[in-house]
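Student:
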Amino acid sequence: MRGPAISFPPVSASRPRAVVRFLARYASLCEVGVGRRPDVAAALADRGRPVTATDVHDRELPAGVRFVRDDVVEASERPDPGDHYRADAVYARNLPPELHRPVLTVARRVDADCLFTTLGGDQAAVDARPVALEDGTTVHVARERNYRRERDDEPKRGSDPERGGDSEREIDPG
Numbered sequence: 001m002r003g004p005a006i007s008f009p010p011v012s013a014s015r016p017r018a019v020v021r022f023l024a025r026y027a028s029l030c031e032v033g034v035g036r037r038p039d040v041a042a043a044l045a046d047r048g049r050p051v052t053a054t055d056v057h058d059r060e061l062p063a064g065v066r067f068v069r070d071d072v073v074e075a076s077e078r079p080d081p082g083d084h085y086r087a088d089a090v091y092a093r094n095l096p097p098e099l100h101r102p103v104l105t106v107a108r109r110v111d112a113d114c115l116f117t118t119l120g121g122d123q124a125a126v127d128a129r130p131v132a133l134e135d136g137t138t139v140h141v142a143r144e145r146n147y148r149r150e151r152d153d154e155p156k157r158g159s160d161p162e163r164g165g166d167s168e169r170e171i172d173p174g
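For the sequence shown, position 34 matches number 34 in the UniProt record's numbering, and the numbering has no gaps at all.
Next up, the structure:
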């Protein structure tokens, strides 16, 4: 504590690093709702990945990260969400449950994988496979078609029609 106000320690740098390592397997990415925390998008751009970030408010982003002002809910209602979402993966950090379905809808329409982290203890509001990263962060994988496995240079593509409307992925069991 400093004076009458509470001072919080900075967020651990390992958390964004683990998410960056996980997402860096994609050739191109779109971050939905970048807000005031462009650290993951910037780190991915530093690794040579084309990254577009969207938000409902204008944002200044680091060099290498393209910004497009857009509302993912409105984009999910358009037949074509927009070229800025066209990437191998559409991802979001700290995504509230009411935005899980719109982000997944956009990802499906542009044939991208859909990944997100949630706020605190929120559960995924769509069918998703939780992936625990080495730092304890959970990434929810709601759509997986373009993911490059560490020991395989070719994208894995496939679908699982028995899992219902939200799942189009090839997932290793366990």
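We put the beta carbon where it would ideally sit given N, CA and C, even for glycine.
Here the structure is a predicted model, which is why all the values come from computation and not from measurement.
1) Would you identify the three-state DSSP class for V20, choosing helix, strand or coil?
2) Can you confirm whether the segment 36-43 touches the segment 137-149 when touching is taken to mean that 3 or more C-beta pairs between the two stretches lie within less than 8 angstroms?
3) In its own chain, which residues sit with a C-beta less than 7 angstroms from the C-beta of A24, not counting the 5 before and 5 after it?
4) Please report the residue range of the beta strand (DSSP E) in which T117 lies.
5) Quick test of your reading: V72 and G136, contact by CB under 8 angstroms. State the CB separation rounded to the nearest angstrom.
6) To the nearest angstrom, how far is the alpha carbon of R157 from that of T54?
7) Look at the alpha carbon of G64 and the alpha carbon of R143, and state the distance between them as a whole number of angstroms.
8) Could you compute how far the alpha carbon of D70 sits from the alpha carbon of E134?
9) Can you round the beta-carbon distance between V106 and P79 to whole angstroms, since I take them to be within the 8 angstroms contact cut?
10) Where F116 and A92 are concerned, what is the direct C-alpha to C-alpha distance, given to the nearest angstrom?
11) Output the boundary residues of the alpha helix (DSSP H) element that contains A41.
12) Indicate the three-state DSSP secondary structure (helix, strand or coil) for T105 in the structure shown.
13) According to DSSP, P130 sits in a beta bridge with which residue or residues?
14) Could you give the distance in angstroms between the alpha-carbon of G77 and the alpha-carbon of Q123?
15) Taking the alpha-carbon of P97 as reference, which of E74, L119 and H57 has the nearest alpha-carbon?
16) Return the first residue and the last residue of the beta strand (DSSP E) that V68 is part of.
17) Just grab the DSSP bridge partners of Y91 for me.
Tutor: To lay it out plainly:
1) To locate residue 20, count along the sequence shown from 1; it is residue 20. Helix.
2) Contact between the segment 137-149 and the segment 36-43 is absent, because fewer than three Cβ pairs lie under 8 angstroms.
3) Sequence index remark: in the sequence shown, residue 24 carries index 24 (1-based). Closer than 7 angstroms at Cβ, skipping near neighbours: L44, R47 and R49.
4) Taking the first residue of the sequence shown as position 1, residue 117 is located at position 117. In the DSSP assignment, T117 falls within the unbroken beta strand (DSSP E) covering D113 to T118.
5) Along the sequence shown, read from residue 1 onward, the residue named residue 72 stands at position 72. Along the sequence shown, read from residue 1 onward, the residue named residue 136 stands at position 136. Wrong, their Cβ atoms sit about 27 angstroms apart, outside the cutoff.
6) By 1-based counting over the sequence shown, the position of residue 157 is 157. By 1-based counting over the sequence shown, the position of residue 54 is 54. In this prediction, R157 has a pLDDT of 37, which is less than 50 and means its spatial position is unreliable; what the coordinates show is noted afterwards. Just so you know, the alpha carbons of R157 and T54 end up roughly 26 angstroms apart.
7) Position 64 of the sequence shown, counting from 1, holds the residue named residue 64. Position 143 of the sequence shown, counting from 1, holds the residue named residue 143. Just so you know, the alpha carbons of G64 and R143 end up roughly 26 angstroms apart.
8) One-based indexing of the sequence shown puts residue 70 at position 70. One-based indexing of the sequence shown puts residue 134 at position 134. Looking at the backbone, the Cα of D70 and that of E134 are separated by about 32 angstroms.
9) As a working note, residue 106 is residue 106 in the sequence shown. As a working note, residue 79 is residue 79 in the sequence shown. Cβ-Cβ separation between V106 and P79: approximately 12 angstroms, too far for a contact (criterion under 8 angstroms).
10) Counting from 1 along the sequence shown, the entry for residue 116 is found at position 116. Counting from 1 along the sequence shown, the entry for residue 92 is found at position 92. Roughly 5 angstroms separates the two Cα atoms.
11) Taking the sequence shown and counting its residues from 1, the one referred to as residue 41 is at position 41. A41 -> alpha helix (DSSP H) spans D39 to D46.
12) If you number the sequence shown from 1, residue 105 lands on position 105. Taken through DSSP and simplified to helix, strand or coil, T105 comes out as helix.
13) Sequence index remark: in the sequence shown, residue 130 carries index 130 (1-based). Under DSSP, the beta-bridge partners assigned to P130 are H140.
14) Residue 77 sits at position 77 when you count from the first residue of the sequence shown. Residue 123 sits at position 123 when you count from the first residue of the sequence shown. Reading off the sequence shown, one finds Glu at residue 77, where the question assumed Gly. Roughly 24 angstroms between the two C-alpha positions.
15) Start at 1 with the first residue of the sequence shown, and residue 97 comes out as number 97. If you compare the alpha carbons of E74, L119 and H57 with that of P97, the shortest gap goes to L119.
16) On the sequence shown, residue 68 is found 68 positions in, with the first residue counted as 1. V65 to R69 is the extent of the beta strand (DSSP E) around V68.
17) For this step, residue 91 is matched to residue 91 along the sequence shown. Answer by DSSP bridge pairing, in chain order: E31 and L115.
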